[in-house]
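Q: Heads up: the sequence shown is residues 16 to 293, going by my numbering. Pasting a structure here, questions to come.
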Amino acid sequence: MKKFLLSICFICFWVSVFADSGQVNNVGQPGAPGGGIVFEEGINVGDNFISRRAGISTLGKGTGISEALIIPLHALSSFTNNVGTVEIGSIVDDVLLSWTYNRNANDPFSQQIDQGVGVLANNLRQIQLNNLGIIVNTTWTIDAVGDDESYGAPAGNPSQRITSVLFLPGVYHGVSQANDIDTGVEVMANFGPSIELDANRQHVYNFDASVGGGNNYLYIAYPQAYGNPVNTQIGGFDFNGYETFVDNLINDRGFAQNYIILKTLDVQNDNNIDWEIF
């Protein structure tokens, strides 16, 4: 639900009513004497309401307000970076941070970013960070106070957004007629180009076992830190016709960690096999 700044609208309407009537005396309950402003039935002393000019000198309750008069509280709507997710072992030196507001043409009352960036000029919507040397997951938080006081609010609206650079390991898969690929070196040599960055072991791997005339074993390799499979399925059916190995794997960035290597016990020939790891 939108938060509304109604005070200005009400004040403006109130002033216009009094100006149009030409009288400011004898404001009272329904039927007030003297030709002043009167209130419709049902409006009592102490009522809060959106006013409606019901007649030349009659003030009534409004049933709504034009959407054109609604001003949303000034707030951050996005905060992003141009790096996102990279392979573990990478070094990130340069990051461009960018952000927007729901009323982006209006500058906030204040804005600042942590991680040593500090207070920013209110008209900025991006900042380039250089020579960072980031090697681990890093998050930036932007805090802003909106320009709402300019529209009659008692204080600016605070809002906050975050953006992160994440480092993830790769998972690998592929087919081979060789049945003895059981080391990290061999995985990288045979399946290195298949890399996908993943945050856990749950993944669906697609294989074309028909290449080279078929009779291929299916291979999967993922970080041992993700744990052994709870279950695996091929074509939606439970599948346990595989064996596992553990070996150290050094990725293309020079980062080393132990990997679990899965290999089917039997050769496969189909050209569209989905092997899902749980």
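Glycine is no exception: its CB is placed at the ideal position from the N, C-alpha and C atoms.
(1) I think E211 touches V186, with their Cβ atoms under 8 Å apart; what is that distance to the nearest whole Å?
(2) Three Cβ pairs or more, each shorter than 8 Å: is that satisfied between the stretch 248-258 and the stretch 147-167?
(3) Using only the alpha-carbon positions, how far apart do I103 and N63 sit?
(4) Starting from the Cα of V107, find the closest Cα among E201, G99, W114 and give me that residue.
(5) Under a three-way DSSP split, which group does V10 fall into?
(6) Does DSSP put N273 in a helix, in a strand, or in coil?
(7) Does the Cβ of F54 have 16 or more other Cβ atoms within 10 Å, making it buried, or fewer, making it exposed?
(8) Leaving out five residues on either side along the sequence, give the residues of the same chain with a beta carbon under 8 Å from the beta carbon of I149.
(9) Pull up the distance between the alpha-carbon of Q192 and that of F94, whole angstroms please.
(10) Put V151 into one of helix, strand or coil per three-state DSSP.
(11) Classify R216 as buried or exposed, calling it buried when 16 or more other Cβ atoms lie within 10 Å of its own Cβ.
(12) If we ignore side chains and look at the alpha-carbon of each, how far apart do G242 and E258 end up?
(13) Please name the residue, chosen from I52, E82, A83, G79, that lies closest to G70 on a Cα-to-Cα basis.
(14) Are N284 and S225 touching if we call contact CB-CB under 7 Å?
(15) Verify the contact flag: L135, CB atom, against every heavy atom of the ligand FAD, threshold strictly below 6 Å.
(16) Fully enclosed by the stretch 94-136, which beta strand (DSSP E) runs are 3 residues long or longer?
(17) CA-CA distance, V132 and T154?
(18) Should Y237 be flagged as near chain D, meaning a C-beta pair shorter than 7 Å?
(19) Considering only C-alpha positions, which residue in the set P87, E201, I86, R67 is nearest to T78?
(20) Note down the Cα distance separating L135 from D158, rounded to an integer number of angstroms.
(21) Would a C-beta distance cut-off of 7 Å place Y274 and P238 closer than the cut-off?
(22) With DSSP run on the structure shown, which of helix, strand or coil describes L88?
(23) Check this for me: beta carbons of V190 and N231, under 7 Å apart or not?
(24) Contact check, A236 vs F206 under 8 Å by CB: the rounded distance?
(25) Helix, strand or coil for S165 per DSSP?
(26) If you draw a straight line from the C-alpha of R118 to the C-alpha of A214, how long is it?
A: According to the structure shown:
(1) Along the sequence shown, read from residue 1 onward, the residue named residue 211 stands at position 196. Along the sequence shown, read from residue 1 onward, the residue named residue 186 stands at position 171. Contact holds; Cβ gap of about 5 Å.
(2) no
(3) What you label residue 103 is simply residue 88 of the sequence shown in a count that begins at 1. What you label residue 63 is simply residue 48 of the sequence shown in a count that begins at 1. Cα-Cα distance, rounded: 60 Å.
(4) Counted from its first residue, the sequence shown places residue 107 at position 92. Selected option, being the one with the closest Cα: G99.
(5) Residue 10 lies beyond the residue range present for the chain, which begins at 16 and ends at 293; the question has no answer from this structure.
(6) By 1-based counting over the sequence shown, the position of residue 273 is 258. Three-state result, N273: strand.
(7) For the purposes of this step, residue 54 is taken as residue 39 along the sequence shown, with counting starting at 1. The residue is buried, with at least 16 neighbouring Cβ atoms inside 10 Å.
(8) Locating residue 149 in the sequence shown gives position 134, counting from the first residue. Hits under 8 Å: I106, V107, D108, V110, V180.
(9) Locating residue 192 in the sequence shown gives position 177, counting from the first residue. Locating residue 94 in the sequence shown gives position 79, counting from the first residue. In a straight line, the C-alpha of Q192 is about 48 Å away from that of F94.
(10) Residue numbering aside, residue 151 sits at position 136 when the sequence shown is read from its first letter. Of the three classes helix, strand and coil, the one that applies to V151 here is coil, per DSSP.
(11) Against the sequence shown, residue 216 aligns to sequence position 201. The residue is buried, with at least 16 neighbouring Cβ atoms inside 10 Å.
(12) Here residue 242 refers to the residue found at position 227 when the sequence shown is read from its first residue. Here residue 258 refers to the residue found at position 243 when the sequence shown is read from its first residue. Their Cα atoms are separated by approximately 15 Å.
(13) Looking up residue 70 in the sequence shown gives position 55. Per the Cα distances, I52.
(14) By one-based count along the sequence shown, residue 284 stands at place 269. By one-based count along the sequence shown, residue 225 stands at place 210. A contact, by the Cβ cut-off of 7 Å.
(15) Questions concerning the ligand FAD fall outside what the structure shown contains, since it holds no ligand whatsoever.
(16) 100-102, 110-116, 125-128
(17) Within the sequence shown, residue 132 is the residue found at index 117, counting from 1. Within the sequence shown, residue 154 is the residue found at index 139, counting from 1. Cα to Cα, the separation comes out at about 12 Å.
(18) Absent here is chain D; the protein component of the structure consists of one chain.
(19) As a working mapping, residue 78 is identified with position 63 in the sequence shown. Of the listed residues, the one whose Cα sits closest to T78 is R67.
(20) Looking up residue 135 in the sequence shown gives position 120. Looking up residue 158 in the sequence shown gives position 143. Distance between the alpha carbons of L135 and D158 is about 10 Å.
(21) If you number the sequence shown from 1, residue 274 lands on position 259. If you number the sequence shown from 1, residue 238 lands on position 223. Taking 7 Å as the Cβ cut-off, Y274 and P238 qualify as a contacting pair.
(22) As a first step, residue 88 must be located in the sequence shown, where it is residue number 73. Correct three-state label for L88: coil.
(23) Walking along the sequence shown from the start, residue 190 turns up at place 175. Walking along the sequence shown from the start, residue 231 turns up at place 216. In contact: V190 and N231 (Cβ atoms closer than 7 Å).
(24) Residue mapping note: residue 236 aligns to position 221 of the sequence shown, counting from 1. Residue mapping note: residue 206 aligns to position 191 of the sequence shown, counting from 1. Going by Cβ atoms, the distance from A236 to F206 rounds to 7 Å, so yes, they are a contact pair.
(25) The sequence position of residue 165 within the sequence shown is 150, counting from 1. Helix at S165.
(26) In the sequence shown, residue 118 corresponds to position 103, counting from 1. In the sequence shown, residue 214 corresponds to position 199, counting from 1. Between R118 and A214, the C-alpha separation is close to 35 Å.
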